[in-house]
Structure formats: C-alpha cells, structure tokens
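In my numbering, the protein residues as written are 872 to 1218. All C-beta atoms, glycine included, are put in the ideal place defined by N, C-alpha and C. Small disclaimer: the values here were computed from a predicted structure and weren't measured. Worksheet for the structure shown next.
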Ligand code: MRU
C-alpha cells in the first residue's frame, strides 16, 4: 500500500483526457483516485473540496482548461478562444477566495491567445496549453521546495510547530507550503513536533494534515481548534506556520476560517506567526483584506456533515464563512519561493 505522500494530489491521466485527483472528501479512511472529464465534474470537484488548497486548485484549473480545450468544437481559432473563455469563466465561479484559481485560468487563456496571435492552428493551441498546464504543476513543486528552504531558516531543532487547516502536500503538487519547512526539517534530521488544529467545520487539519505529516514519520499531535490557546500557554509552540489563499497589497492574508484567531493568540503569547505561499497567491490588485471575497458555505457542513446524526436544531441559522483575513500587523513574516518578507508589506 502506497503512502499518501507517494500519490500525486493532481495529475493528468495517461490518455490526456482526464484529471486524476485523490478524492480528499474520503480521507483519511479511503484513498481513492477519481477522474474528472467534463467542466461540471471539474467545477463540482473544486466546489465540494474533493480537490482543495489554493495551489492544487490552480493546478487543477490548468489541467482542466487543457482537457476542456480538447472537447471544444470550433471552425476558427477566434471561435475556439471564445468557447475557451466561457469555460474559464464557469470554472472561476466554483470558489471565490483563492486567487490561484483565477491566476491559473488567466495564465492558460493568455497562453492560448498568444499562440493564436502567433498564427498557430487549434491543434497547436491545444498542444501549447498542455505544456502550460504541465509547467504550472512542475513550477508548483519547485516553488514549494523553495518555500521549504526559506521557511527552514525559521525553524530550530526541537521546535513545536502549530499549523491550521491543510497547507500540505494535499493542497499542492508536492511538499505543501506551510508543511514544506517541516518536511525539510525532518529530512535534515531536526527533531520537530507538529501540532495540527482540527479545523472546524471541514476538519482539514484532522483528516488531511495530521494524516500526511504523521505519514512522513514526523511526531504529530492533533488538537481541537479551541485548545490552541492552552497549547501555546504550555510553552510547547515555538512557531506557527499556515498557508494562504490570497495576500492583499498591504499584507493582509486570507486563509482558512480560524487562522486570524490563531494569529491573535500567537501575538498574545509572543510566538512568531508565518504565512507561507507561492508568489502567485499575492494579489496586488486587491488593496486590503476587506476587499477579499470570503466564500460562504452550506449550513449542513456545520450542523451535520461530520456527525453520525445531526447535532444542531433543524432550521437553525448558521454562520459558515470558509476563510478569514489575518491583519498584516499580526504576521511576523510571509515566506514565498523568493525569501522571507518582513513588514511593512507593500505588493
Ligand atoms: O477550503 P480549503 O480546504 O481549500 O482551504 C485551504 C486553506 O485554507 C489553505 O491553507 C490554503 O489554501 C493554502 S494551501 C497551500
């Protein structure tokens, strides 16, 4: 049986006509690969979080555009580009917060448009799109490794590290963002202990992060979200590393709901709080965190999804934002593939 870390999070199926993903809604109980072929299947896989995490959503969008390009029937390249744009708009509506989705869709569109402008035919456009999608995936692996190298400079032998949600390999092509420094630290013989917030309501920390980090042989402890303060107070946490879905021009960072609370606690206890993200997650077009669209999700995720029986009254009003914004003043450093940035942040 392969370890979860040996299976690609997102890949192009051998025949090149489908995206193959690990269905993350079934983890950790079942490791099952599923194939996505149609625009609706790709849209739903992103919306339902079968594939999730900002960089992995970007990689899926890249492959998705290539696969859908193969299904478009068009007489002219102009018609082809119009139909491709419609598919990009459709996929872009699946989740609003992670900028990597619109970034990857835009990059694929630009590549197709540039080839058309250079005189390529439709077959040529499709081939160029395949190369671009592969490049997005390969760059992601390289970027995560570099985030790991820079992040490693912030870790010391013996550290306890807290993370929230899953910014691990399951959220990227490899290594993860927040987890990359942890994997490198472990590879280089540091003795570290990783603490995973369970991350209500969808339990990415419990189901995904504690699963993949412990699979790597790293000492791992799972805690409920409301235990983070007590854990920090106990002196066992020396640093917090989290991922990110969008960094605004002033350094405010949107990440999984609950992240801003962890940052406030870290500040209170004097613990450094680091955001790890590829530079494609930085969105200079969005001035501050207040301008980031926060996805609101279905009430059933809070009232029943992970319970064997519904545990909240029928019809109860539910507040279920999927992300929150951490104020730039709470962020000790932003780790990208280019290094560790410190405040003041200006993008
Ligand atoms: O709703 P999710 O599971 O897609 O949320 C994921 C996160 O918030 C991650 O921390 C973020 O996308 C960064 S992944 C490297």
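Item, Value
"Does the distance from the CB of residue 1015 to the CB of residue 999 come in under 8 Å?", "no"
"Quick one: complete beta strand (DSSP E) runs, 3+ long, within the region 1005 to 1076?", "1031 to 1034 and 1064 to 1068"
"Closer than 7 Å by C-beta to residue 1194: which residues in its own chain qualify, once you throw out the five before and the five after it? Chain order, please.", "968, 1116, 1125, 1126, 1127, 1128, 1165 and 1166"
"With a threshold of 16 other CB atoms inside 10 Å of the CB of residue 1184, please say whether the residue is buried or exposed.", "exposed"
"Identify, in the order they occur along the chain, each residue of the same chain with its Cβ nearer than 6 Å to the Cβ of residue 1173, setting aside the five sequence neighbours on each side.", "1072, 1189 and 1191"
"Distance, Cα to Cα, residue 1111 vs residue 907?", "35 Å"
"Which ranges does the alpha helix (DSSP H) cover as unbroken runs of at least 4 residues, wholly within the region 1116 to 1163, from first to last along the chain?", "1130 to 1140"
"Would you decide whether residue 1156 is buried or exposed? Buried here means 16 or more other CB atoms lie within 10 Å of its CB.", "exposed"
"Considering just the uninterrupted stretch of the beta strand (DSSP E) at residue 892, what are its terminal residues?", "890 to 893"
"Does the distance from the C-beta atom of residue 1142 to that of residue 1103 stay below 8 Å?", "yes"
"Considering Cα atoms alone, identify which of 984, 1008, 1170 and 990 is closest to residue 1047.", "1008"
"Going by the C-beta, is residue 873 closer than 7 Å to any heavy atom of ligand 1?", "no"
"Here's the rule I'm using: 16 or more other beta-carbon atoms within 10 Å means buried, otherwise exposed. How should residue 988 be labelled?", "exposed"
"What are the boundary residues of the alpha helix (DSSP H) that residue 985 is part of?", "970 to 988"
"Is it the case that the Cβ atoms of residue 1041 and residue 1079 are separated by a distance below 8 Å?", "yes"
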